[in-house]
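Q: Sharing a structure below in structure tokens format, with a few things to ask.
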Amino acid sequence: MKTFVTLFTAAIMCAVIAGPAGADTSGDLFAEGVRHLEAGRFEEVRDKINSSDHLASLYYFYMGDYRTALSFIKRTDLKETRHNLYLYLKHLIEMTQEFDEFETPHFLIRLSKNDYVLKSDIKDTLERVYSVIGMAFSYFPHDRVIIEIYPDKESFAFASTLGDKTLERSGAIGICKFNRLMIVSPSALPQGYRWLDSLCHEYVHFVINRITKNNCPLWLHEGIARYHDTLWRVDPPVYTTPGSVNLLKDALEKNALISFTRMSPSMVYLENQDEVALAFAQVSSAVDFIKSAFPGRFRQLLPEMSQSTPDDAFKKCFGMGLVKFEKEWTAHIKRQQFTKAEGALPDRITWEKADEIEQFVGISARDFIRLGDRFRMRGNNVAAMAEYEKGLKIEPFNPVILLKLARTLFSSGDFGRAAELLNACIEKNPNYVSAYELLGDYYLKISEWSKSVEMNTHAVSINPFNPSSHIALAKARLSLGEREKALVGFQNALLLEPGNPFLMRMVRELTTKPDAWGGD
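Each residue of the sequence shown is one higher than the last, beginning at 204 in my numbering.
Below is the structure:
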């Protein structure tokens, strides 16, 4: 499978781009049709598909109708690139035939039965994304946007055409391609990831493609998407983390910024996840620079790109071309006084469960943490905490160290300092799920219902496959009188633990005896 995916990655793109041979239709007509499809202008292609079975196949493929697309590609001579498209469609149909499909007012979502637990958050979030991003860009698609959630790395590697090696190297977990948004299920990663932010990120890419007619430079594409991908849940958006600021500060000190040109044709081809994270930090900073240095003009930029080259659009909106803009931004970023948060981690995608100490703790602190673990396993919490404190002095914001020390403090009865450390962990590592899970459970135990809801909401938005987080969230909501939301939480937990007697009872009682629980 891995070999097939790797070989296929380039071939499918050739199949999409390459024009048909022989008398099928003119190359110019086909190329123009592909450009329209890439930009989402289906009405420009609909009347032309009768002249080309290959173009008709691509039309239905971009519309998300894979079976009809396959029927048309079968009618071509299936030479070379068209044969690759035939193989891709055939395997894609097999891969998605068990997917469930449901709609919201503006989205069509496809996912496997194992991902049903995502449904409630998808329904709640996507329409908010549509509204918030629509207002930010003054663009609201009329057609339903297709979203596909692939259950594992292998299926996502194939459907996205990125290939297994690219996913391993880059940490890519989502893509906007072929007129749809594709992400991998958070169940494919041991600790999950901010999958709702990723959906928003890919939707912003979709909107940029539509507004600019697929004419936006890669670095700006990614910068705009990263800058806005938390806007659906927080305004102003949080487009960087202390861990990515650490990377940016180090790169500035070493004169090792990544040029915008090197980011093309895609960030997934950079050397490793740290380079990808650095590139995202740079380009989102560049978007922030645009918004602060040229107030009110950002909204003009994307529509202008639909009518001219990106360089001309920059000159018209900002009085300088792309090359000069990069120089101006570089000078600006070098003037910034960044503070390093020692030990805070940039976001990393780990596909397999790994030794967190080996992977996330610096060499200077590792021995202290390993020794602390040994003491804790033997029940000597005092000695364990002493070793963890030594590691914390070296990396005061390392989430692994903070979590281990907080757990030991909870065991020792020092609840106040444990909560303080977990809050510090979240502040400096806002996507580290374990801190939310532990703190959410603590707040539930001390009847801080609202704080527990806040922490557990973050937890399930990162790792929605942990039933304990859904249960804690549901209990806290029930205590606040939010009966309907509590029911959703218990139902989600039941999807993950079918047959659990407590969950079955709670779902039954909240469904059949709602008045007994009060609230909404």
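Glycine is no exception: its CB is placed at the ideal position from the N, C-alpha and C atoms. Computed from a predicted structure; not experimentally measured.
If you pair each beta-carbon of the region 600 to 608 with each one of the region 563 to 575, do three or more pairs fall below 8 Å?
A: Output reads yes: the region 563 to 575 touches the region 600 to 608.
Q: Taking the continuous alpha helix (DSSP H) assigned at Gly-643, which residues delimit it?
A: Your numbering for residue 643 matches position 440 in the sequence shown. Element bounds for Gly-643: 636 to 648.
Q: Should Met-580 go down as buried or exposed, given a rule of 16 or more other Cβ atoms within 10 Å for buried?
A: Within the sequence shown, residue 580 is the residue found at index 377, counting from 1. The residue is exposed, with fewer than 16 neighbouring Cβ atoms inside 10 Å.
Q: Using the Cβ count rule (16 or more neighbours within 10 Å means buried), how would you classify Phe-705?
A: On the sequence shown, position 502 is the one that residue 705 refers to. Exposed, by the Cβ-count rule.
Q: Looking only at DSSP bridge pairs, what is Gly-377 linked to?
A: Residue 377 sits at position 174 when you count from the first residue of the sequence shown. BP columns for Gly-377 point to Ile-386.
Q: Grab the span of the alpha helix (DSSP H) containing Leu-314 for me, first residue to last.
A: To locate residue 314, count along the sequence shown from 1; it is residue 111. Per DSSP, Leu-314 belongs to no alpha helix (DSSP H); it is in the beta strand (DSSP E), 310 to 314.
Q: What are the boundary residues of the beta strand (DSSP E) that includes Val-348?
A: The count along the sequence shown starts at 1 and reaches residue 348 at position 145. That run of the beta strand (DSSP E) goes 348 to 353.
Q: Any chance you could list the alpha helix (DSSP H) runs of at least 4 consecutive residues sitting entirely within the region 696 to 722, in chain order?
A: Qualifying alpha helix (DSSP H) stretches, in chain order: 704 to 715.
Q: Check the C-beta distance from Ser-373 over to Val-471 and give it rounded, since I have them as a contact under 8 Å.
A: Taking the sequence shown and counting its residues from 1, the one referred to as residue 373 is at position 170. Taking the sequence shown and counting its residues from 1, the one referred to as residue 471 is at position 268. With a Cβ gap of about 4 Å, Ser-373 and Val-471 count as contacting.
Q: Mind checking whether Leu-399 and Asp-324 have CB atoms under 8 Å apart?
A: As a first step, residue 399 is located in the sequence shown; it is residue number 196 there, counting from the start. As a first step, residue 324 is located in the sequence shown; it is residue number 121 there, counting from the start. Yes. Within cutoff.
Q: Use the C-beta contact count for Thr-328: other C-beta atoms within 10 angstroms, 16 or more gives buried, fewer gives exposed.
A: Taking the first residue of the sequence shown as position 1, residue 328 is located at position 125. Buried is the call here.
Q: Would you call the CB atoms of Thr-444 and Asn-669 closer than 8 Å?
A: In the sequence shown, residue 444 corresponds to position 241, counting from 1. In the sequence shown, residue 669 corresponds to position 466, counting from 1. No, these two residues do not count as a Cβ contact at 8 Å.
Q: Take Thr-415 and list the residues in its own chain whose beta-carbon comes closer than 6 Å to its own, dropping the five residues that flank it on each side.
A: Translated into the one-based positions of the sequence shown, residue 415 becomes position 212. Cβ neighbours of Thr-415 beyond the five flanking positions: Leu-505, Met-508 and Ser-509.
Q: Can you tell me which of the three DSSP states Asp-256 falls into?
A: Counting from 1 along the sequence shown, the entry for residue 256 is found at position 53. Correct three-state label for Asp-256: helix.
Q: Taking C-beta to C-beta, are Tyr-263 and Leu-240 nearer than 8 Å?
A: Locating residue 263 in the sequence shown gives position 60, where the first residue counts as 1. Locating residue 240 in the sequence shown gives position 37, where the first residue counts as 1. It is not a contact, given that the beta carbons lie outside the stated cut-off.
Q: Are the Cβ atoms of Ala-621 and Cys-628 separated by less than 8 Å?
A: Taking the first residue of the sequence shown as 1, we reach residue 621 at position 418. Taking the first residue of the sequence shown as 1, we reach residue 628 at position 425. Not in contact: Ala-621 and Cys-628 (Cβ atoms no closer than 8 Å).
Q: Tell me, please, which residues DSSP counts as bridged to Asp-438.
A: Within the sequence shown, residue 438 is the residue found at index 235, counting from 1. Answer is none; Asp-438 lacks a bridge partner.
Q: Would you kindly work out how many angstroms separate the C-alpha atoms of Arg-313 and Pro-354, rounded to a whole number?
A: In the sequence shown, the residue the question calls residue 313 occupies position 110. In the sequence shown, the residue the question calls residue 354 occupies position 151. Their Cα atoms are separated by approximately 11 Å.
Q: Using only CA atoms, which one of Glu-590, Phe-497 and Gly-565 lies nearest to Asp-576?
A: Here residue 576 corresponds to residue number 373 of the sequence shown, with the count starting at 1. It is Glu-590.
Q: Which of helix, strand or coil does DSSP assign to Glu-304?
A: Looking up residue 304 in the sequence shown gives position 101. If DSSP states are grouped into helix, strand and coil, Glu-304 belongs with the strands.
Q: Per DSSP, what kind of secondary structure is Thr-330 in: helix, strand or coil?
A: Along the sequence shown, one-based indexing puts residue 330 at 127. The amino acid occupying residue 330 in the given sequence is Glu; Thr does not appear at that position. In the structure shown, Glu-330 sits in a helix (DSSP, three-state: H, G or I).
Q: Among residues of its own chain, excluding the 5 on either side of Arg-711, which ones have a beta-carbon nearer than 6 Å to its beta-carbon?
A: Indexing the sequence shown from 1 puts residue 711 at position 508. Cβ within range, chain order: n/a, list empty.
Q: The alpha helix (DSSP H) with Met-658 in it runs from where to where?
A: Within the sequence shown, the letter at position 455 stands for residue 658. Its alpha helix (DSSP H) spans residues 652 to 665.
Q: With 16 as the cutoff for other CB atoms within 10 Å, does Asn-412 come out buried or exposed?
A: By 1-based counting over the sequence shown, the position of residue 412 is 209. Counting Cβ neighbours within 10 Å, Asn-412 comes out buried, since at least 16 surround it.
Q: Helix, strand or coil: how does DSSP classify Cys-419 here?
A: Within the sequence shown, residue 419 is the residue found at index 216, counting from 1. Coil, per DSSP.
Q: Would you identify the three-state DSSP class for Ser-401, choosing helix, strand or coil?
A: Translated into the one-based positions of the sequence shown, residue 401 becomes position 198. Here Ser-401 sits in helix by DSSP.
Q: Pick helix, strand or coil for Gly-743, following the three-state DSSP scheme.
A: Outside the shown range of the chain (204 to 723) lies residue 743, about which nothing can therefore be said.
Q: Taking all protein chains shown into account, do 16 or more other C-beta atoms lie within 10 angstroms of the C-beta of Asn-458, making it buried, or fewer, making it exposed?
A: Start at 1 with the first residue of the sequence shown, and residue 458 comes out as number 255. Asn-458 is exposed by the Cβ-count criterion.
Q: Given 8 Å as the limit, is there contact between the region 379 to 398 and the region 663 to 681, that is, 3 or more CB pairs closer than that?
A: Touching, yes, given that three or more Cβ pairs across the two stretches are closer than 8 Å.
Q: For the alpha helix (DSSP H) holding Phe-668, just list the boundary residues, first then last.
A: Residue mapping note: residue 668 aligns to position 465 of the sequence shown, counting from 1. It is not in any alpha helix (DSSP H) - Phe-668 carries neither H nor E in the DSSP assignment.
Q: Taking Ile-352 and Ile-386 to be in contact with their CB atoms under 8 Å, please state how far apart those CB atoms are, rounded to whole angstroms.
A: Counted from its first residue, the sequence shown places residue 352 at position 149. Counted from its first residue, the sequence shown places residue 386 at position 183. That belief holds up - the Cβ atoms of Ile-352 and Ile-386 are roughly 6 Å apart, short of 8 Å.
Q: With a threshold of 16 other CB atoms inside 10 Å of the CB of Gly-582, please say whether the residue is buried or exposed.
A: Residue 582 sits at position 379 when you count from the first residue of the sequence shown. So Gly-582 counts as exposed.
Q: Distance check for His-345 and Ser-254, CA to CA, integer angstroms please.
A: Counting from 1 along the sequence shown, the entry for residue 254 is found at position 51. Counting from 1 along the sequence shown, the entry for residue 345 is found at position 142. In a straight line, the C-alpha of Ser-254 is about 27 Å away from that of His-345.
Q: Can you list, in chain order, the residues of its chain whose CB lies under 6 Å from that of His-404, leaving out five sequence neighbours each side?
A: Taking the first residue of the sequence shown as position 1, residue 404 is located at position 201. Excluding residues within five positions, the ones whose Cβ falls inside 6 Å are Ala-428 and Asp-432.
Q: Quick check on DSSP: helix, strand or coil for Gly-236?
A: Stepping through the sequence shown from its first residue, residue 236 is reached at position 33. Here Gly-236 sits in helix by DSSP.
Q: DSSP on Leu-460, reduced to helix/strand/coil?
A: As a working mapping, residue 460 is identified with position 257 in the sequence shown. Three-state DSSP puts Leu-460 in coil, outside helix and strand.
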